[in-house]
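A short write-up of the structure that comes next.
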Amino acid sequence: MANKVYVVGVGMTKFEKPGRRKNPDGTDWDYPDMARESGTKALADAAIPYDLVEQAYVGYVYGESTSGQRAVYELGMTGIPVFNVNNNCSTGSTALFLAAQAIRGGLAECTLALGFEKMQPGSLGTVFDDREQPMGRHITALAEISEVLFPVAPWMFGAAAREHMKEYGSTAEHFAKIGYKNHRHSVHNPYSQFRDEYTLDDILDSRMIYDPLTKLQCSPTSDGSGAAVLAGADFVDRHGLADRAVEIVGQAMTTDFASTFDGTARNLIGYDMNVRAAQQVYRQSGLGPEDFQVIELHDCFSANELLMYEALELCAPGEGPALVEANQTTYGGKWVVNPSGGLISKGHPLGATGLAQCAELTWQLRGAAENRQVAGVRAGLQHNIGLGGAVVVTAYQRAAR
């Protein structure tokens, strides 16, 4: 029987525009500085020293080998295994998955998942151009059904939006309303890169990136870090951590299936692997979509959020626009989706995103999310995807007392 896994401490930095933040001495805010801040906060939240951490899983996409070691050396040098993790935009939640798996499998009692990113301004690009690109097959397949546009990411998600519009009648306004919602939520998040509220017209009238996606419906590049301390049941009891513990009651990772290349834009951006991961989590946890009150999901573009309403079974295929129209994914609705502001407004430092989602849901379940707090939270759901591809879905509940 698998061991129970608890989140006992979380921490994160404010997400920043790349290169903007400086240290007090005027030097650049570098990834060790980010890791020190988020990791120190997570350990303080757990009220334990770094010496009790037995393994660390450190996620980042852009960086040299063993940057993970350099990052956690800011917290201590205790000789523990440090694993460097890279899974595109799902890197942070992959580190979380591996840290939880070590406890679940009885390999450790206390682990650290930490993610960071120090990014370049502007759209994502490739670093190694002398070899096959990981997304090459996806791009070639999408080019067969859609006009080609660069940068690649907005083209891929925009093509999925257009496909949904054609098949189900969704409109540009439905996608824009998601951007409007998430920017409005971020006003109350001190960790968010952007805290400006916009009108729906502002969203619709901002610069077109790839029709129907305008700039204010796209996540920005960001610098930042997030961290989570995980522990098993005996560790929680021994150190008196039950009052802050949040249990991971279901967690699944899936990668691309053969159906990814079935000729639809939807599956090329991971729809099918999202469905399969969510179904695994619902089976593991005994919870269904209706049992969650708050959800942090991967809104790298507004189109993905709408499609994920359907993939996570908040509604049937094609009914995502109806949820938007009925305001069912914001305060006062059936779920509050991305109370943090999501990637669109909070920011998207690739290695940190999944751990920032974990932090937000932990705060929500503790009733400690301040002006963002969702009423009556009993369970939270997390979704984090990286193309090429991997998705991690995680279900959380307060620890039983």
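By the UniProt record's numbering, the letter at position 169 of the sequence shown is numbered 169, and the numbering carries on one by one without gaps.
All C-beta atoms, glycine included, are put in the ideal place defined by N, C-alpha and C.
Computed from a prediction, not measured in an experiment: that's the story for all the values here.
Of the other Cβ atoms in all chains shown, fewer than 16 fall within 10 Å of the Cβ of Asn327; this residue is therefore exposed. For the pair Leu381 and Leu142, the Cα-to-Cα distance works out to about 30 Å. Closest in C-alpha terms to Glu310, from the list Val275, Tyr60, Asp25, comes Val275. Secondary structure remark: continuous alpha helix (DSSP H) runs of at least 4 residues inside the region 196 to 255, in chain order: 200 to 205, 233 to 238. Distance between Gln133 and Lys346, taken at the CA atoms: about 28 Å.
By the Cβ rule, the region 222 to 229 counts as touching the region 23 to 42, because three or more pairs are nearer than 8 Å.
Within the region 20 to 72, the complete beta strand (DSSP E) segments of 3 residues or longer fall at 55 to 59, listed in chain order. Using a Cβ-Cβ distance cut-off of 8 Å, the region 173 to 180 and the region 195 to 212 are in contact, since at least three pairs of beta carbons, one from each stretch, lie closer than that value. The Cβ neighbour count for Gly59, taken over all protein chains shown within 10 Å, is at least 16; the residue is labelled buried.
Around the Cβ of Met77, a 10 Å sphere holds fewer than 16 other Cβ atoms; the residue is exposed. In the structure shown, Cys300 falls within a coil segment according to DSSP collapsed to helix, strand and coil.
Rounded to whole angstroms, Pro339 and Gly389 show a C-alpha spacing of 26 Å. Relative to the Cα of Gly11, the nearest Cα in the group Leu312, Ala160, Gln293, Gly115 belongs to Gly115. Close CB contacts of Gly341 within its chain, under the 6 Å cut and outside five residues either way in sequence, are with Asn182, His185, Ser186, Asn189, Ser192 (chain order). Sequence-distant Cβ neighbours of Gly106 in its own chain, meaning closer than 7 Å and more than five residues away, are Asn3. Residue state for Cys358 is assigned as helix, using DSSP reduced to three classes. DSSP, reduced to helix, strand and coil, places Phe116 within a strand of the structure shown. Looking at the DSSP output, Glu16 sits in a beta bridge with Asp223.
Ranked by how close their Cα comes to the Cα of Trp155, the residues Trp29, Pro24, Cys300 have Cys300 in first place. A straight line joining the alpha-carbon of Ser285 with that of Gly250 spans about 5 Å. With 16 or more neighbouring CB atoms inside 10 Å of its own CB, Ala153 falls in the buried class.
In the three-state reduction of the DSSP assignment, Val391 falls in the strand class. Less than 8 Å separates the beta-carbon of Ala395 from that of Val281.
A direct Cα-Cα distance of roughly 8 Å separates Val5 from Gln101. A distance below 8 Å between beta-carbons, with the five flanking residues on each side excluded, links Ala399 to the following residues of its chain, in chain order: Tyr6, Val236, Ala242, Ala245, Val246, Glu247.
Assigned with DSSP and collapsed to three states, Asn87 falls in strand. The C-beta distance from Gly320 to Leu306 rounds to 4 Å, short enough to meet the 8 Å contact threshold. Annotated three-state conformation of Leu350 is coil, per DSSP. In the structure shown, Asn384 adopts extended strand secondary structure according to DSSP, grouped into three states. Cβ neighbours of Ile80 within its own chain (closer than 8 Å, five residues either side excluded): Val53, Glu54, Gln55, Ala56. Exposed is the label assigned to Leu200, since fewer than 16 other Cβ atoms lie within 10 Å of its Cβ. Annotation for Gln193: no alpha helix (DSSP H) segment contains it, and DSSP assigns it neither H nor E. Taking 4 residues as the minimum length, the alpha helix (DSSP H) runs contained wholly in the region 162 to 190 are 172 to 186, in order along the chain. In the DSSP assignment, Asp272 falls within the alpha helix (DSSP H) that extends over 271 to 285. One thing to note: Glu163 has its Cβ no nearer than 8 Å to the Cβ of Thr13. For Ile139, the uninterrupted alpha helix (DSSP H) segment begins and ends at 136 to 143.
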